[in-house]
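>
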Amino acid sequence: MTLFSSQEVTKNYRSGGFTLKKISVSLKPGQITGIVGENGNGKTTLLRIIAGDLSIDSGTLNYFGRESDAANFSWEWAKQKIAYIPQRIPRWYGSLRKNLIFEATIRGIKGNQADKIVDELVAQLGLEEYIELQWKEISTGYRLRFQLAKMLISAPDLLVLDEPIANLDINAQEKFLSDLREIVSNQERKVSVILSSQQLHEIENVSDAIIFLKKGNLVYEGEISKIGENRKENQFEIQGDFTPEELKHLIESAEIKAAGKTLDVKVPLEISSEDFLKLILNENFKVHYFRDISSSTKKLF
Amino acid sequence: MNLFQKIDNYLLHNFPNIWVTKVHIFLPIAIIFMLIIYTFNVLLIGYNIKDPMPEGEWGVTLMVIPVMVFIVYWFVIQARYNVEKSGGKLSIPLEYMNFFLYFLMFFVSYLLVSFIPYTNDLKIARTAQKTEITQDIKNLNVGHTIMINAGNVVSNNDNQIEKKGDRYKIRYNNFIDTYYWEDYDEELLTETIEEVREDFSDGYDSERGYYEEKLMNYEDYINNPIPKNTNNLYILATYNQLEEIVADYIYSYNKYTHNEIVTTAAEIVNYEVIAEFKDENFNYFKRTENDYYYNWRDRVEYKVEYLAKLKLRYSGAFEANYGDSEISKIIVAWLLMLSLFVWIFKQIHWRDFLFGVLALALTPVLIGIVGLIFGVFLRADEDFFFALIMVAYVIAILLTIKGYVSNYKSRFSIVTAMYLHVWLPVLPFFYYFFMYEIYYRNNYEVRSEFKFENLFYAALIIGIISIGLFKLVYKKMRLLPNHK
Chain A
1 MTLFSSQEVT KNYRSGGFTL KKISVSLKPG QITGIVGENG NGKTTLLRII AGDLSIDSGT
61 LNYFGRESDA ANFSWEWAKQ KIAYIPQRIP RWYGSLRKNL IFEATIRGIK GNQADKIVDE
121 LVAQLGLEEY IELQWKEIST GYRLRFQLAK MLISAPDLLV LDEPIANLDI NAQEKFLSDL
181 REIVSNQERK VSVILSSQQL HEIENVSDAI IFLKKGNLVY EGEISKIGEN RKENQFEIQG
241 DFTPEELKHL IESAEIKAAG KTLDVKVPLE ISSEDFLKLI LNENFKVHYF RDISSSTKKL
301 F
Chain B
1001 MNLFQKIDNY LLHNFPNIWV TKVHIFLPIA IIFMLIIYTF NVLLIGYNIK DPMPEGEWGV
1061 TLMVIPVMVF IVYWFVIQAR YNVEKSGGKL SIPLEYMNFF LYFLMFFVSY LLVSFIPYTN
1121 DLKIARTAQK TEITQDIKNL NVGHTIMINA GNVVSNNDNQ IEKKGDRYKI RYNNFIDTYY
1181 WEDYDEELLT ETIEEVREDF SDGYDSERGY YEEKLMNYED YINNPIPKNT NNLYILATYN
1241 QLEEIVADYI YSYNKYTHNE IVTTAAEIVN YEVIAEFKDE NFNYFKRTEN DYYYNWRDRV
1301 EYKVEYLAKL KLRYSGAFEA NYGDSEISKI IVAWLLMLSL FVWIFKQIHW RDFLFGVLAL
1361 ALTPVLIGIV GLIFGVFLRA DEDFFFALIM VAYVIAILLT IKGYVSNYKS RFSIVTAMYL
1421 HVWLPVLPFF YYFFMYEIYY RNNYEVRSEF KFENLFYAAL IIGIISIGLF KLVYKKMRLL
1481 PNHK
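These protein sequences, in sequence, are chains A and B.
Just so we're aligned, residue 1 is where the first sequence starts under our numbering, counting upward by one.
Just so we're aligned, residue 1001 is where the second sequence starts under our numbering, counting upward by one.
1. For a minimum of 4 consecutive residues, which ranges assigned as the alpha helix (DSSP H) are wholly contained in the region 1320-1400 of chain B?
2. G1088 (chain B) CB to nearest chain A CB: under 8 angstroms?
3. Within this structure, are the beta carbons of L195 (chain A) and P164 (chain A) separated by less than 8 angstroms?
4. Would you report the Cα separation of V265 (chain A) and L177 (chain A), rounded to the nearest angstrom?
5. Does DSSP classify H1421 (chain B) as helix, strand or coil?
6. With a threshold of 8 angstroms between beta-carbons, can D53 (chain A) be considered close to chain B, or not?
7. Pick helix, strand or coil for Q87 (chain A), following the three-state DSSP scheme.
8. Going by DSSP in three states, L1035 (chain B) sits in which element: helix, strand or coil?
9. Are any of the Cβ atoms in chain B nearer than 8 angstroms to that of F73 (chain A)?
10. Confirm the yes/no value for this check: CB of G52 (chain A), any heavy atom of the ligand SAH, distance under 7 angstroms.
11. Would you mind working out which of B:E1453, B:V1426 and B:F1355 sits nearest S1413 (chain B), comparing C-alpha positions?
12. Which same chain residues end up closer than 6 angstroms to P1428 (chain B) when comparing Cβ atoms and leaving out the 5 residues on each side of it in sequence?
13. Based on Cα-Cα distance, which residue from B:M1063, B:S1410, B:T1127 and B:M1337 lies nearest to I1461 (chain B)?
14. Whole angstroms are fine: how far does the CA of L1104 (chain B) sit from the CA of L1372 (chain B)?
15. Buried or exposed for Y1253 (chain B), going by 16 or more other Cβ atoms inside 10 Å?
16. Leaving out the 5 sequence neighbours to the left and right, which residues in its chain are closer than 7 angstroms to K1409 (chain B) when beta-carbon positions are compared?
17. Is there a Cβ of chain B sitting closer than 8 angstroms to that of I183 (chain A), yes or no?
18. Find the residues of chain A that neighbour R1411 (chain B), judging by a C-beta separation of less than 7 angstroms, and give them in chain order.
19. Taking only beta carbons into account, state which residues of the region 110-135 of chain A come closer than 7 angstroms to chain B, listed in chain order.
20. Find the residues of chain A that neighbour P1016 (chain B), judging by a C-beta separation of less than 7 angstroms, and give them in chain order.
21. What span of residues does the alpha helix (DSSP H) with A172 (chain A) cover, start to end?
22. From the DSSP output, in three-state form, read off K1169 (chain B) for me.
23. For Y63 (chain A), write down the residues that DSSP places opposite it in a beta bridge.
24. In whole angstroms, what is the alpha-carbon distance linking G94 (chain A) and K116 (chain A)?
25. Using a Cβ-Cβ cut-off of less than 7 angstroms, give me the residues of the region 1075-1109 of chain B that come near chain E, in sequence order.
26. Please classify L1236 (chain B) as buried or exposed, where buried requires at least 16 neighbouring CB atoms within 10 angstroms.
27. Could you give the distance in angstroms between the alpha-carbon of L127 (chain A) and the alpha-carbon of E283 (chain A)?
28. Taking H1483 (chain B) as the query, report the chain A residues whose CB atoms sit under 9 angstroms from its CB, ordered along the chain.
29. Shortest alpha-carbon distance to K21 (chain A) belongs to which of A:I227, A:L263 and A:L218?
30. Between the alpha carbons of N1231 (chain B) and S1315 (chain B), how many angstroms are there, rounded?
31. In the DSSP assignment, find the beta strand (DSSP E) that holds N1217 (chain B) and state where it starts and stops.
32. Taking the alpha carbon of N147 (chain A) as the point to measure from, which residue in A:E120, A:L100, A:S253 and A:A254 has its own alpha carbon closest?
33. Below 7 angstroms on C-beta distance, what does Y93 (chain A) contact in chain B?
34. For K1471 (chain B), count neighbouring C-beta atoms within 10 Å of its own C-beta (all shown protein chains included) and say buried if the count is 16 or more, exposed if not.
35. In angstroms, rounded to a whole number, what distance separates the CA positions of R1313 (chain B) and A1320 (chain B)?
36. Between the alpha carbons of D169 (chain A) and T44 (chain A), how many angstroms are there, rounded?
Written as structure tokens, this is what we have:
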């Protein structure tokens, strides 16, 4: 069963030359799906289409088992099940508690029940000490988490987040992503998340599936564990006190590219990351940074 | 937690649709303001009828700015919380309730703006009883002829006073003008005004070519309501009654001024004595204040007329300020229209709303262009323009339906829907004038049936129904995906 699927969806902006080309993706329940790609490659466009915020030119969309052009489909029905957090979160007015209670009461959760659900959610996200504050009194990271709490009150089936961690420091990013993981793992909620980000490493760490877009084309869609399944070589990023020439001398079959201090190294499949590191360390070179990107979308960039 | 916070919290937890309107905060503020004004103006400052009448115009000017700030601030708060746009559901009855809460806000704001003149009237109305004013009007109107002719009481001066048998025939003076009262409220006036003649309405005898005199004994005048038709009316009084008339006049007159007449009735009626007091200036008689500045707000006739307006014509300050049916209907229509704007603002994205307001604001330009093309260059008639308006309505309806059934959101459709919605209540008026031009113009029976009231109620019903209908339209349009 899929929560959402698209078949050969295309979108061409009337005002610009950008086109999203024949995108077919599906989102499964209880999963986090990351959308990655360079700036201006269609991540936000695809998220807005999924959130029902942007129309398509061709193709089909299916929400929760109903085709978007079917007679029994309405956007009101679909949007009740979707929560969309845009890149720029709209400002809240008044105390954070009042906003969250308002969010509960307009959905029919009234009286003490509203307090109860808000308190539980806030406790779950570790936001208790900020609940009585105003929007301007909290940091961007906490704003995002409060927005997340607000969205969760509506108990959506699908949570769509556009670049949620773009403006967060590393600690806030980690906290937010672990919150997301916890929410998705919660069997009672049965919520699925799709989010876009430039922070490839963090997104790959938290996601179950990845969608990779390049110039409006779908380059990869599938489980994260399967990205490097059919690769013909291993690929590493490394920094250390050696030159590319010294590394080439050490592993003759290696293909090396330098990007600043980091070396991008492609080696035959037979040389695993452990073998590669052993070879370097045996020569008494010091390693400052290492990352195996053989099964990462990084190599698709 | 104070009472305000408790109410706010209760509404937030149980009635979020009322909580978002914030009327529970703004209405008490408005009521407190009104109570303060009432306490200061009516209870503390008060009014003595001998003083010049208080001015109300400055009160309106004074209140307009704070009330504007009050209403703009309230409107800004309306942009902050929105049940429907936040994903909640508001049933159509609740939408109607919210609409009337917005109306209540505007109505209270209107009351605030007019509250100083109203409380002025309230304290003026408290200065006299209804029967007392009726008596004063009678005293002043019958006595004024003698007063302005004092020193010439028994001579025939422009038919003002003349001897007729054993009585003096005194021309009735409309010093306190009651002539147009019947235009206000027929029913109310039967208590205070009566028809003197029934044979012809204004006493004009077309055969003789002059107004026939209407004669009335002073005793009848005193024992009956104020005459309604005072054209060519004469009061017949004995010499002793002349003195009584003047004494009553002075009594009534002095109630309304600090500059009292101190000359006695006997002195005034007595020709020989009066000659000594007669002055070439306006003041014929000895007054308490010799260097009196004559402010029009201090004129006795102005005060009594104003009091009569409050107490007799309108039965109170509230009726006088808010009871005029046609004006109050127009005011209510404007307030309802403002409420409709707030309601629409809550239904659609603020950018779409802004474009809608812009489109409405540009309507006069559109009318000017159409008028120039068809009226000046092509010399089209009025019926053509009204037909054009009808066509415009049909086009707007079709465009709105097209937007409603579309698969994507279109700003043009939303703005058209808003434009149509705002103009829809005015449709009965346009329809009537359109029909008038093509059909009623030559059909006098149908024409005579025109009533502002009927069109107003038709507009009101259409406006009210349109809220339920357009809620569905706006909701569908708002939730469609954008087409970019």
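Ideal Cβ positions, reconstructed from N, Cα and C, are used throughout, including at glycine.
The relevant details are as follows:
1. 1325-1347, 1350-1361 and 1363-1370
2. yes
3. yes
4. 29 angstroms
5. helix
6. yes
7. coil
8. helix
9. no
10. Among the ligands in the structure shown, none appear at all, so the ligand SAH cannot be discussed.
11. B:F1355
12. L1455, A1458 and A1459
13. B:M1337
14. 41 angstroms
15. buried
16. M1477, L1480, P1481, N1482 and H1483
17. no
18. Simply none; closest approach about 13 angstroms.
19. K110, G111 and A114
20. F102, T105 and I106
21. I170 to S185
22. strand
23. A:F4 and A:R66
24. 20 angstroms
25. This model lacks chain E altogether, as its protein chains are A and B.
26. buried
27. 50 angstroms
28. R14, L54 and S55
29. A:L218
30. 26 angstroms
31. K1214 to N1217
32. The sequence shown places Gln at residue 147 (chain A), rather than the Asn named in the question. Residue A:L100 is the option with its Cα nearest to Q147 (chain A).
33. R1080
34. buried
35. 8 angstroms
36. 21 angstroms
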